[in-house]
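Structure record follows, encoded as structure tokens.
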Amino acid sequence: MQKEMSGNQIRQQFIDFFVNKGHTAVRSASLVPAGDKTLLFTNAGMVQFKDIFLGTDKRSYTRACDSQKCMRVAGKHNDLDDVGRDDSHHTFFEMLGNWSFGDYYKEEAISWAWELLTEVWKLDKDKLWTTCFQDDRGEIQPDSEAYEIWKKQPGINPEHVLFFGRKENFWEMADTGPCGPCSEIHIDLGPERCNKKNVPGHICRVNGDCSRYMELWNLVFIQYNRLNAETLVPLSQQFVDTGMGFERIVSVLQKTDSNYKTDLFSKMMSTIRQIAGTNLEQMHQNFTPYRVIADHARAASFLIADGVVPGNIGRNYVCRMIIRRAVRFGQQIGIKKPFMDKVAESVIESYKDAYPELAQMRSSILNAISWEENRFNKTLDNGIAQLNEIITLMKENRQTIVDGETCFDLYSTHGLPLEITFDIVREYGFDVDRNGFQKAAETHRIVSGGGKAMGQMGGEDADIYAMYLDHLKDQGLLTSDGVRYNPYDHHPIPSKLILLIHDKENVSEINEGDEAEVITDSTNFYLEMGGQVSDTGTIQGIGSDFLFEVTSIRRPCAGLIIHQGRVLKGNAKTGSEVMVAVDGNRRHDIMRNHTATHLLHAALHQVIGNQARQAGSLVAPDRLRFDFNSNQALTSEQIAEIEDIVNQKILDAIPVTTQIENLDDAIQEGVTALFNEKYGNEVRVVRIGLDQDDVISAELCGGTHVSNTSEIGLFMILSESSVATGIRRIEAVSGTVANVLSRKKISELREMSAILNVPMDGVLDRVDELQDQNHKAQKEITDLRNEIALKDFSEKMNQVQKIQDINFLGIHIPDVNPDTLRMMADKFRDENENAVAIFSTISDEKVVLIATVKESVIKRGIKAGDIVSSASSVVGGKGGGRPTMAQGGGKEIDKIPEALKAAEAYVKGKIN
RNA sequence: GGGCCUGUAGCGCAGUUGGGAGCGCGCUUCAAUCGCACUGAAGAGGUCGGGGGUUCGAAUCCCCCCAGGUCCA
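Residue numbers for the first sequence follow my numbering, beginning at 440 and rising by one.
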């Protein structure tokens, strides 16, 4: 009996097997799909090769194999809530795949798959079943080719080769685009694995819905291009795209009845048991929480390693959600303290050899998970406080069921999950309305989500341009590599017009005023990539007055680079000799900003640590923008420190060099690679440093850079702000823009110093001093005014009228603010028996009225609010307040005496 | 991308149909003590996140923006 293989060995055997068959082993792409806004996460092995199928990109190899990190947690196939309930679902998983790009086809794909499973891995041939495509609608040809190939595999049971229809065996990427039939390999795990034994009439079979037969491997044969719902046309190139669920095959080979019982998960599981204080038997009796925690800890670790930190938006939110969900399941098995970082540690241990980024990002992973766990606890505390208020109210109202909307509000607004709400109210003998909750959740989903459909796949017009490209190659105008592209030297280069497009038509001539697309046989215009914007410039005729303004650049398909713009002068025909001229000043500004961005990145690491990973970047001629992972705002000291570091590196005049290296070597060496970029096996490394031992920054980067940091001139940070939870943004300028800006700021300072009549470095102190003086003066003015007004007021107190036993005073007091007026009213009320008063003044060219009434008088039906109302209606306004004190006003200043009389009349009327 | 909640003194918070901006802790000074802690008295400190609008009057109502939280895509 052969010793059982570890998961890591199985993965390696797969790769080795296909490398021996001439395949290039490719690294797993990031979980964040590069340049693909239609996808939240990489969810299949083909994602990193999509552009090859679409014809917009090409690679140096035609056979590849890999183990691809995948996440299936959002979108149409969101089975997050099912993860943990069974033994085969995962949020994160690995997909093993082998690929042919216009190389081998069905014959090899099928026989190699059979060979690996039955010869290398020695699976029982009688237990294997395979399926081929036969159209249930009878429109597409059946894949009898695959059928015949399967039947001749050594040792196969011919009765185990079956046909199925479109649902199972026809693969399509989207509504249009590359597609084709597929063949699946299923394994019979034995009758005891059926989970439908109790269902009457159930028969176990392939593609039945019980768990006895399991799909192992899907071999997709891409041979058609779907133009619309009815039309398929054959592709000129054929592709093989296969995918085998790694956890499944490990489970089969290790003869376990659960993916979660393989050695891939054993370290995590024992860690969880250790924390929960349970044994193996207890775990298997209540397996769900353990599966959830292990799955989610694994997913979160891989996500964070790819730069997806927990947050409140998009991918980041998914990361948060799975961490929080795992924590809740932890609570279910009695774990009270934060624990997820310990599970994550086991994940790193189990996977670091196959995925070194886990070890590299170890501290970031553990920190981010702990941080999120703590934040979740804070959120829960908050939500529970809200809930307690609700419980108090319910007790008063003698309610015992928390209605669905309230439960959902606690969840959606305060982050308190329904189950926790239930746990808490249960202690009071209350219940929750689960149906109401679901209904509210559904409403919320519709209100907040619905509108946005997935974007287009891209490459819609790739076919047309691919056709042009083929044509140009046939004519010998282009080599097989397409347009010669070298953006790293930006001096004008001679070239030839080989294709002109005007109004979407191929034309032989373009004329003054035409908007057109111009293709030359070579170009050095930079094509937007890695955050650096495209170049602009001109294309000029040699020996003619032709002048074309290039406003943007694009690459509709691999090998074809298009200058878009307008003919400013003259005309040109295809075949003309031209000079392709990048706007050099603009390019130089961009280069300065790009190198400055690398220096900024390095300085950030120095100041706040390596967790400040790049999360996005824009390099334009007039500014640069840099987003990075961080949980808190930078202090002004940190910003200054970063600026100083960058500017010091500029003063140090450090050389910037670029070098083409092997991707694995570069990663090994610790070169910074960005999670959302796509890299081939050959990568360009940009280094800033005096020599090999003194490298300040080394990044994988296709952008253009200055050759020495001193060219940057000056670097200034303009702002630091928040983009989303856990992500901050720095905006900065360098070079000419920084010069202009600093000159402007200094001249402003100079003007200020002239106005304040102090030296420039004394401006700050002077402003401080002035502000202080102003504050004091304002206060003194207020005090003096009050003093004067009160003195004045005392004199006017003798104007008090006796209305029966009431002391009434209705006077106008000029030059006081409403606050002082109120103070006087208080004073009058306090110092007089049965006091009733109304005062007026003018503030902001409007009438202000204040009335006051002593408690003893209120009982007799006289309220301050009513007095003010009667007076303010005279001056064209309104008023109100409390019985003892009320305010009002109006706009008609000249009617003030009349208003005061009206108030007096009101009081008299009430008394008599 | 969208829904909801929050933003008031250094910190934690109250502010109930729109009408005097407050509480606790902390801070300053004084008293008491050999000194500290405790205690007592007095006091400083606020663009009520920012900007518009409605109103005689906005922390309070409406709109926009910013920041934080939370949920859905």
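All residues carry an ideal CB built from backbone N, CA and C; glycine is no exception.
All of these numbers come straight from a predicted model, not from anything done at the bench.
Close Cβ partners of residue i (< 6 Å) along its chain, the five nearest in sequence each way excluded
i: LYS1073; result: The sequence shown places Leu at residue 1073, not Lys. Once the five neighbours on either side are set aside, the close Cβ partners of LEU1073 are GLU1159.
i: THR839; result: PHE869
i: ARG1168; result: ASP1066, SER1160 and VAL1162
When the options are compared against residue i, the one with the closest alpha-carbon
i: GLU1150; options: GLU1121, ALA585, ALA1092 and GLY1128; result: ALA1092
i: GLU967; options: SER991, MET653 and ASP953; result: SER991
i: ASP842; options: PHE861, ASP582 and ALA824; result: PHE861
i: SER947; options: SER1015, HIS929, VAL757 and SER887; result: SER1015
i: ALA473; options: THR701, TRP589 and ALA1112; result: ALA1112
i: LEU1153; options: GLU1208, ILE1335, GLY976 and GLY1174; result: GLY1174
i: THR1291; options: GLN1243, ASN1086 and ALA1342; result: ALA1342
i: PHE704; options: PRO597, GLY577 and SER527; result: SER527
i: PHE492; options: ARG1026, ARG884, PRO1198 and GLY616; result: GLY616
i: LYS635; options: ILE626, GLY647 and ARG1321; result: GLY647
i: ALA765; options: VAL782, ASN751 and PRO639; result: VAL782
i: VAL689; options: ARG1005, ALA824, ALA1051 and GLN448; result: GLN448
i: ILE772; options: SER802, ALA715, VAL1313 and PHE453; result: ALA715
i: MET800; options: THR1164, ILE1301 and GLY1048; result: GLY1048
i: ALA736; options: ASN718, GLU1226 and ILE762; result: ILE762
i: MET402; options: ASN1213, SER469, TYR543 and PHE876; result: Because the chain here runs from 440 to 1351, residue 402 falls outside it and cannot be looked at.
i: LEU1260; options: ASN1271, GLU1270, GLU1272 and ALA1276; result: ALA1276
Per-residue DSSP class, three states only, for residue i
i: PHE652; result: It is worth fixing the name first, because residue 652 is Tyr in this sequence and not Phe. In the structure shown, TYR652 sits in a strand (DSSP, three-state: E or B).
i: THR681; result: strand
i: PHE609; result: strand
i: THR818; result: helix
i: ASP1132; result: coil
i: LYS775; result: coil
i: ASP627; result: strand
i: ASP505; result: strand
i: ILE981; result: coil
i: ASP1333; result: helix
i: ASN725; result: coil
i: PRO617; result: strand
i: PHE480; result: coil
i: ARG511; result: coil
i: THR1036; result: helix
i: LEU857; result: helix
i: GLY1316; result: coil
i: TRP560; result: coil
i: SER802; result: helix
i: ALA1310; result: helix
Chain-order list of residues whose beta-carbon lies under 7 Å from that of residue i (same chain, five-residue window excluded)
i: GLY822; result: LEU849, HIS853, GLY854 and LEU855
i: GLU899; result: Model confidence at GLU899 stands at a pLDDT of 47, short of 50, so the residue's coordinates are unreliable; what they give is reported in the following sentence. Hits under 7 Å: none found.
i: MET643; result: Note on residue identity: the sequence assigns Cys, not Met, to residue 643. Closer than 7 Å at Cβ, skipping near neighbours: PRO630, CYS633, CYS649, ARG651 and TYR652.
i: ARG730; result: GLY523 and TYR699
i: ASN950; result: VAL1006 and ASN1010
i: LYS1088; result: LEU1038, ILE1135 and THR1148
Residues of its chain near residue i, where Cβ-Cβ distance is below 8 Å and the 5 sequence neighbours each way are ignored
i: HIS1144; result: MET1030, HIS1033, THR1034, HIS1037, VAL1095, THR1097 and VAL1125
i: ARG754; result: VAL471, LEU479, PHE480, LEU742 and VAL747
i: PRO1257; result: THR1280, SER1282, VAL1287, ILE1289 and GLN1326
i: LEU556; result: LEU562, LEU567, ILE624, LEU655 and TRP656
i: ASN816; result: PRO777
i: LYS1241; result: PHE1247
i: ILE1220; result: none
Beta-ladder partner(s) of residue i, from DSSP
i: LYS1285; result: SER1282
i: ALA1137; result: ARG1126
i: GLY1249; result: ILE1277
i: ASN657; result: GLU623 and GLY682
i: VAL1095; result: ILE1127
i: THR463; result: ALA503
Contact belief for residue i with residue j at Cβ below 8 Å, rounded distance in angstroms
i: LEU535; j: PHE660; result: With 8 Å as the limit, LEU535 and PHE660 do not qualify as a contact, their Cβ atoms being about 18 Å apart.
i: LYS545; j: ILE588; result: 6 Å
i: SER1181; j: MET1155; result: 7 Å
i: CYS504; j: VAL559; result: So it is not a contact: roughly 14 Å between Cβ atoms.
i: ILE940; j: GLU956; result: 4 Å
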